[in-house]
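Asks: Dumping the structure here so I can ask a few things about it.
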Amino acid sequence: MTDMTAGASAAPKSSLLAQDERTRRRNAAEARFKLYGVIAITLAIVALLFLMVSIMKNGSGAFFQTFVTLEVELLEDKLDKNGNRDPAEMAKVTTFGYSPLIKDAMAKVVADNGIEIDGLKKPEDLISKEAAAQMRNFVLAHPEMVGETRPFEFVASGRIDGYYKGRVTMESAARDSNISPEQLQLADALKAAGALETRFNWSFITWPDASENRPEVSGLGVAIIGSLYMMLVVLALALPIGVAASIYLEEFAPKNRFTDLIEVNISNLAAVPSIVFGILGLAIFINFAGLPQSAPIVGGLVLSLMTLPRIIIPARAAIQAVPPSIREAALGVGASKMQTVFHHVLPLAAPGILTGLIIGLAQALGETAPLLLIGMVAFVREYPAGPPEGLFDPATALPVQVYNWTQRADPAFVERASGAIIVLLVFLMVMNTLAIILRSRFERRW
Amino acid sequence: MLNARLTASALAITAVSATAATARDQVQIAGSSTVLPYASIVAEAFGENFDFPTPVVESGGSSAGLKRFCVGVGENTIDIANSSRKIREKEIAACADAGVTDIVEVRIGYDGIVFASQIDGPAFTAFEPADIFNALAAQVLVGDKIVDNPYTQWAEFNPDLPAVEIIAFPPGTKHGTREVFEEKVVLAGCEATGAMQAMIDGGMSEDDAEGACMTLRTDGRAIDIDGDYTETLARIDANPNGVGIFGLAFYENNTDKLKVATMSGVVPSTESIASGEYPVSRPLYFYIKGAHIGVIPGLKEYAQFFVMDEIAGPDGPLAEYGLVSDPELVETQMTVENEEPMGSGS
């Protein structure tokens, strides 16, 4: 150090106070590089913000829903002609038999509130088509209520819901074949009368998917259960197999050409496009093993295959990072190889393994492509049963639901899709945060 | 000890999978993305009104659906294939090879194909097949010569059309809609403009001329959309001069954003398509695996429910969504009722 300053002072041309040309260039290059870095990060943040804001703007509406409360008279001669209140007999009245009741109830509420709107047609279109099914289920569960008049809270149709979320306007309604400005005026009148309200609605998380005629009652229920089941399968399979494989490869396996080959293959598998695992899943699990289509068990198996290399690689790295001195100390006091691994190496490597596992799971949670071929990209309305049987029932998954909704014609599904993305992002954020917490709390450094 | 436990759990897993694999209680459907909305509407109503579980409906395209349909008979194959075109002889043969015989064909109605543009955009209000051909074909007739399509604006070949740049979004080749578009619009336009005759006179065989007629230009004015109609809509939103090709149902759900053009002077609507006046339409089908009827619970009931007047009739929810109901629905109902397989003289 002193030598250097001595050398510098020996050269009269350069001064500490006045920078020479080369130093200025080096400093300028460094400043430029820092600027590039700042620009890159700013761009990334702007892109992320843009994405988040647009998703939030489009999707937050999905958590709010407009409801209409109607007094419906459960006419006996429509619902139970014979009057013996036998649910089996009453089940013969299909939902089509319930629609006229809703129509009457709507006409009545319009008349009762003194609402007069010129050119109002089909006021019952304000109500979701799900309403008939909702009433039918209620009546079949409570046959004794037939003949009475009772209030029902129905979901408003998608266009009315959109009106209160700014998606539908009077101008767009004038051109829209599914809604008229008069119907929107009626909705406003009902709102003033207190029969219609828009409020926060958890049902978006719990309802199953709905057909294109009823975007307002579609939800993520089946998709969330399906994703959960698949993650359980992945956890149950990929964790033990992945950890066992990485322990064996790191601690026990002889280093020879064969294990080298396995190592190369694991790295290759981690880079294989996920759709390939879907093809494999179709061939092996469905066509050969005869497992059912669209089932979370097959989805979970496929995703396990996909996730395994992505778990093995960080797990091996975590085991490698445990210093050899720990192993040597354990062996030195007489522990067997297995005791060394399970009592000393594994606990120290656990945070790293878990982090890898959680990130692997998060990746698997967001996958759609492999599910396409095993029939999980589908319209599924029935909730799967509880585990273990439920693993064999048809279900979808969260990213699949996003994909499905973006393809549908009704503009209300755009909002639903963005809402589903928000839910998916929340799940991913929770998992990644968990991974970070685990790493920072339990990781040991040497 | 550990071994015993492992064996036991392995056994348990196999036992569960064995029982589950033999008990499928819901109908499995796959196929055309055009039929998917109708099938899901019916599936939903079916699940509400019957004790059977709601059928599972997948999309993926007519060809892919029929391919899976023809894989074989058994619980892990689909029961119904939706299709936006008639099943091909080749597919029937492939089905027969895999043991899938007794296929029941059910025609559910018709789908119209419409030409629509941005609602506030240029006045694309009336098209003739000839206009579409002149705008989009690779080679057109100018004077009495076949030349590479020279047109850049609609008004160049039809002064009634707006003088704006030609940009159109036809469906990509994997769509069933493309076939109908080519045959009923482009080919018809080719014949109407006399380009077809000129090609044949120029020494082409009829088949080659047809092929040449249906080849679209590749200079970036006819942009194939391989995605769904939502993608076409997004393209049109971004491009005021664009003309998109949609299914009638999609247009009817987005009338606040799109305006539709007449074809040969006919406004597309469920009525004009049902009467056959509107020229660009196609039948929609689904195919039932005969061997699964009576094995998969609810299969026949679903098919019967689908073609009921309340569902597929002119006042049902399917017509409301945009399906053109089949005037011969009664015959279809009989076919399903009697489980008549194809080619049994019906």
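Heads up: the protein sequence lines correspond to chains A and B, in order. The first sequence lines up with residues 38 to 483 when you count with the numbering used here. The second sequence lines up with residues -8 to 337 when you count with the numbering used here. All C-beta atoms in this analysis are idealised placements derived from N, C-alpha and C, irrespective of residue type, glycine included.
Within the chosen definition, does the stretch 157 to 168 of chain B reach the stretch 252 to 266 of chain B through at least 3 CB pairs nearer than 8 Å?
Replies: Because the criterion of three Cβ pairs below 8 Å is not met, the stretch 157 to 168 of chain B and the stretch 252 to 266 of chain B do not touch.
Asks: Return helix, strand or coil for LYS280 (chain B), following the three-state DSSP convention.
Replies: Strand.
Asks: Just the C-alpha distance for LEU298 (chain A) and ASN305 (chain A), rounded to the nearest angstrom, thanks.
Replies: Using only the alpha carbons, I get a separation of about 11 Å.
Asks: Which same chain residues, not among the five before or five after ALA213 (chain B), have their C-beta less than 7 Å away from its C-beta?
Replies: Here the set comprises LEU127, ALA159, PRO161 and LEU207.
Asks: Mind the definition here: the stretch 74 to 82 of chain B touches the stretch 284 to 297 of chain B only if three or more C-beta pairs lie below 8 Å; say whether that holds.
Replies: Because the criterion of three Cβ pairs below 8 Å is not met, the stretch 74 to 82 of chain B and the stretch 284 to 297 of chain B do not touch.
Asks: Give, in chain order, every unbroken run of the alpha helix (DSSP H) that is at least 4 residues long and sits entirely within the stretch 291 to 360 of chain A.
Replies: The stretch 291 to 360 of chain A contains these whole alpha helix (DSSP H) runs: 294 to 308, 311 to 318 and 333 to 357.
Asks: Taking all protein chains shown into account, do 16 or more other C-beta atoms lie within 10 angstroms of the C-beta of ASP213 (chain A), making it buried, or fewer, making it exposed?
Replies: By the neighbour-count rule (16 or more Cβ atoms within 10 Å), ASP213 (chain A) is buried.
Asks: Might you give, ordered along the chain, the residues of its own chain that have their beta carbon closer than 8 Å to the beta carbon of VAL258 (chain B), omitting 5 neighbours on each side?
Replies: Closer than 8 Å at the Cβ level, and outside the excluded window around VAL258 (chain B), lie VAL251 and TYR269.
Asks: Can you pull the chain A residues whose beta carbon is under 8 Å from the beta carbon of PRO44 (chain B), in chain order?
Replies: Ordered by position in chain A, the residues that pass the 8 Å Cβ test against PRO44 (chain B) are GLU419.
Asks: Can the beta-carbon of GLU234 (chain A) be found less than 8 Å from the beta-carbon of VAL192 (chain A)?
Replies: No, these two residues do not count as a Cβ contact at 8 Å.
Asks: In whole angstroms, what separates the C-alpha of MET325 (chain B) from that of LEU88 (chain A)?
Replies: In a straight line, the C-alpha of MET325 (chain B) is about 53 Å away from that of LEU88 (chain A).
Asks: Which partner residues of LYS228 (chain A) appear in the DSSP bridge assignment?
Replies: DSSP, once it has assigned bridges, lists no residue as partnering LYS228 (chain A).
Asks: Exposed or buried, what is MET172 (chain A) when buried is set at 16 or more other beta-carbons lying within 10 Å of its beta-carbon?
Replies: When all chains shown are included, MET172 (chain A) counts as buried.
Asks: So, with DSSP's three-state summary, where would you put MET268 (chain A)?
Replies: Of the three classes helix, strand and coil, the one that applies to MET268 (chain A) here is helix, per DSSP.
Asks: Give me the residue from A:ALA422, A:PRO333, A:LEU338 and A:GLY203 with the minimum Cα distance to ALA434 (chain A).
Replies: Measuring from the Cα of ALA434 (chain A), the nearest candidate turns out to be A:PRO333.
Asks: Can you list, in chain order, the residues of the stretch 387 to 421 of chain A whose Cβ is nearer than 7 Å to any Cβ on chain B?
Replies: So the close ones are GLY412, VAL414, ALA415, PHE416, VAL417, ARG418 and GLU419.
Asks: On the DSSP letters alone, give me the boundaries of the beta strand (DSSP E) that ARG486 (chain A) sits inside.
Replies: In the structure displayed, chain A extends from 38 to 483; residue 486 (chain A) sits before or after that span and is not available.
Asks: Mapping the DSSP letters down to three states, classify GLY233 (chain B) as helix, strand or coil.
Replies: Correct three-state label for GLY233 (chain B): strand.
Asks: Near SER264 (chain A), which residues of its chain fall below 7 Å by C-beta distance, leaving aside the five closest residues on each side in sequence?
Replies: Only LEU402, ALA434 and LEU435 meet the Cβ criterion.
Asks: According to DSSP, ARG187 (chain A) sits in a beta bridge with which residue or residues?
Replies: Beta-bridge pairing links ARG187 (chain A) to A:VAL109.
Asks: Below 7 Å between beta carbons is the criterion; list the residues of the stretch 310 to 343 of chain A that meet it against any residue of chain B, in chain order.
Replies: Correct list: ILE323, GLY327, LEU328, PRO329, GLN330 and SER331.
Asks: Return the first residue and the last residue of the alpha helix (DSSP H) that THR261 (chain B) is part of.
Replies: Looking at the DSSP string, the run of the alpha helix (DSSP H) that includes THR261 (chain B) is 261 to 265.
Asks: Using CA atoms only, rank isn't needed, just tell me which of A:GLU419, A:PHE100 and A:LEU345 is closest to ASP198 (chain A).
Replies: Among A:GLU419, A:PHE100 and A:LEU345, the Cα nearest to that of ASP198 (chain A) is on A:PHE100.
Asks: Assuming ASN67 (chain B) and PRO329 (chain A) are in contact, meaning their beta carbons sit under 8 Å apart, how far apart are those beta carbons, in whole angstroms?
Replies: Yes, ASN67 (chain B) and PRO329 (chain A) are in contact; Cβ-Cβ is about 6 Å, under 8 Å.
Asks: Among the residues of its own chain, which have a CB less than 7 Å from the CB of GLN287 (chain B), if the five just before and after it don't count?
Replies: Per the sequence presented here, residue 287 (chain B) reads as Ile, with Gln not at that position. Excluding positions up to five away in sequence, the list reads ARG15, VAL18 and ASP70.
Asks: Along the chain, where does the beta strand (DSSP E) containing ARG98 (chain B) start, and where does it finish?
Replies: Start and end: 94 to 109.
Asks: Can you confirm whether the stretch 117 to 133 of chain B touches the stretch 144 to 155 of chain B when touching is taken to mean that 3 or more C-beta pairs between the two stretches lie within less than 8 Å?
Replies: The stretch 144 to 155 of chain B is in contact with the stretch 117 to 133 of chain B.
Asks: Taking C-beta pairs closer than 7 Å, name the residues in chain B that ARG212 (chain A) reaches, listed in chain order.
Replies: Within 7 Å Cβ-Cβ: ILE110, THR246 and ASP247.
Asks: Could you tell me whether the Cβ of PHE133 (chain A) comes closer than 8 Å to any Cβ of chain B?
Replies: It does; some Cβ of chain B falls within 8 Å.
Asks: In or out: ARG69 (chain A) buried (at least 16 other Cβ within 10 Å) or exposed?
Replies: Its Cβ having fewer than 16 others within 10 Å, ARG69 (chain A) is exposed.
Asks: If we ignore side chains and look at the alpha-carbon of each, how far apart do MET182 (chain A) and LEU223 (chain A) end up?
Replies: Distance between the alpha carbons of MET182 (chain A) and LEU223 (chain A): 29 Å.
Asks: Helix, strand or coil: which one does DSSP assign to PHE104 (chain A)?
Replies: Note: PHE104 (chain A) maps to strand in three-state DSSP.
Asks: Would you give the residue range spanned by the beta strand (DSSP E) that LYS250 (chain B) belongs to?
Replies: LYS250 (chain B) -> beta strand (DSSP E) spans 249 to 254.
Asks: Write down every uninterrupted run of the beta strand (DSSP E) in the stretch 135 to 171 of chain B whose length is 3 residues or greater and which is fully enclosed by it, in chain order.
Replies: As far as the stretch 135 to 171 of chain B is concerned, its whole beta strand (DSSP E) runs of at least 3 residues are 136 to 139 and 158 to 160.
Asks: Are any of the Cβ atoms in chain B nearer than 8 Å to that of GLN444 (chain A)?
Replies: Yes, contact with chain B.
Asks: Along chain A, in chain order, which residues have C-beta atoms closer than 7 Å to that of ASN40 (chain B)?
Replies: Result: THR131 and THR132.
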